[in-house]
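Novice: Here it is: the structure, laid out below.
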Amino acid sequence: MRIDLVTIFPDYFTPLTLSLLGKAIAAGLIEVHVHDLRTFAHDRHNTVDDTPYGGGPGMVMGPQPWGEALDAIAATNKELRPVLVVPTPSGVVFDQRAAQAWTSDPWLVFACGRYEGIDARVAQHYSASADWAGVREVGIGDYVLAGGEVASLVLIEAIARLLPGVVGNEASVTDDSFASGSMAHLLEGPVFTKPQEWRGLTVPEVLLGGHHGQITSWRAEQARLRTAQMRPELAADLASDQHGDHQS
Ligand code: ADE
Numbered sequence: 076m077r078i079d080l081v082t083i084f085p086d087y088f089t090p091l092t093l094s095l096l097g098k099a100i101a102a103g104l105i106e107v108h109v110h111d112l113r114t115f116a117h118d119r120h121n122t123v124d125d126t127p128y129g130g131g132p133g134m135v136m137g138p139q140p141w142g143e144a145l146d147a148i149a150a151t152n153k154e155l156r157p158v159l160v161v162p163t164p165s166g167v168v169f170d171q172r173a174a175q176a177w178t179s180d181p182w183l184v185f186a187c188g189r190y191e192g193i194d195a196r197v198a199q200h201y202s203a204s205a206d207w208a209g210v211r212e213v214g215i216g217d218y219v220l221a222g223g224e225v226a227s228l229v230l231i232e233a234i235a236r237l238l239p240g241v242v243g244n245e246a247s248v249t250d251d252s253f254a255s256g257s258m259a260h261l262l263e264g265p266v267f268t269k270p271q272e273w274r275g276l277t278v279p280e281v282l283l284g285g286h287h288g289q290i291t292s293w294r295a296e297q298a299r300l301r302t303a304q305m306r307p308e309l310a311a312d313l314a315s316d317q318h319g320d321h322q323s
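Residue numbering for the sequence shown follows this note's numbering, starting at 76 and increasing by one per position.
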């Protein structure tokens, strides 16, 4: 997968060189390019923002540097059409299902907005462009960050760890909270490792016996309990799915 990031703070993306993603990049499983939006602004101060039409607080990122940056990126590979990803709190909320679906996109370009956001004509223009495979405006949760950089890191990590070969043990990905399969939409239950007793607290007996059937049912029950406790709305969705109350 190829990933391009356009930002006024390229340094935000140095964590991509660490850990799991760093290894995936080094192994050639993911190709990452970071672009400084200011290099596409042509005035003396490399200005990328201006006051909003209609008034209001804050500044809006102008379409001109964005258009030049995105056109330059798309022109680097004429065989593939990139998807433009615009992280924004006013987008569709990203989830594990989206992360899984996005693993089949060969090329994602992240437009990291700052201030009050990016002039709306940028998303409009690239949605209609034959050189692009679409525009996805996505939020990572119902809160407001200072810009799209951290949100992009979140999206990239969620997607990249699902790419074949990125996580060493494939099962650790399929067992995740929210993963598809028999435990879909359940939260993962508690996990334990050595020592068997720590500060007077012991590991549940069932995990020590090596009886795989019992362990599997215990884990399924723990996942149900945890989901009911932490995310009652997910538990309710699950119950109505099982009763065939609604289709998905
Ligand atoms: N930019 C600012 N807040 C955001 C959020 N919650 N999700 C995605 N992008 C954002």
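Where a beta carbon is used, it is the ideal one built from N, C-alpha and C, also for glycine.
Using only alpha-carbon positions, find the residue among GLY288, ALA233, TRP182 that is nearest to LEU159.
Specialist: Measuring from the Cα of LEU159, the nearest candidate turns out to be TRP182.
Novice: Give the secondary structure of TRP207 by DSSP, where H, G and I count as helix, E and B as strand, and everything else as coil.
Specialist: TRP207: coil per DSSP, three-state reduction.
Novice: Restricting to Cα atoms, I'd like to know which of CYS187, ALA150, ILE148, GLU154 is closest to PRO164.
Specialist: The residue with the shortest Cα to Cα distance from PRO164 is CYS187.
Novice: Going by C-alpha distance, which of GLU106, VAL213, GLY129 is nearest PHE169?
Specialist: Selected option, being the one with the closest Cα: VAL213.
Novice: Out of GLN297, TYR218, THR178, point me to the one whose CA is closest to GLY240's CA.
Specialist: Per the Cα distances, THR178.
Novice: Tell me VAL81's beta-bridge partners as DSSP assigns them.
Specialist: BP columns for VAL81 point to HIS110, ALA186.
Novice: Enumerate in chain order the residues of its own chain whose CB-to-CB distance from PHE253 is below 6 angstroms, with the five nearest sequence positions on each side excluded.
Specialist: Hits under 6 angstroms: GLN171.
Novice: Nearest-angstrom Cα distance between SER323 and GLY275?
Specialist: Residue placement at SER323 is poorly supported in this model, since its pLDDT is 45, which falls under 50; the coordinates are not used for a value here.
Novice: State yes or no: is the C-beta of LEU309 nearer than 7 angstroms to some heavy atom of the ligand ADE?
Specialist: Flag unset: Cβ of LEU309 not near the ligand ADE.
Novice: Let me check understanding here. Comparing Cα to Cα, which of ARG211, GLY130, ARG294 lies closest to ALA198?
Specialist: Of the candidates ARG211, GLY130, ARG294, the one whose C-alpha sits nearest the C-alpha of ALA198 is ARG211.
Novice: Distance cutoff 8 angstroms, beta carbons only. Does LEU91 sit that close to anything in chain C?
Specialist: Structure shown: chain C not included; a single protein chain is present.
Novice: For the candidate residues GLU154, TYR128, ASP251, whose alpha-carbon lies nearest to that of ALA233?
Specialist: Here the closest residue by C-alpha is ASP251.
Novice: Flag THR122 as yes when its Cβ comes closer than 7 angstroms to any non-hydrogen atom of the ligand ADE, and as no otherwise.
Specialist: No - the ligand ADE has no heavy atom lying nearer than 7 angstroms to the Cβ of THR122.
Novice: Give me the residue from PHE84, ASP146, ILE78 with the minimum Cα distance to ALA99.
Specialist: Here the closest residue by C-alpha is ILE78.
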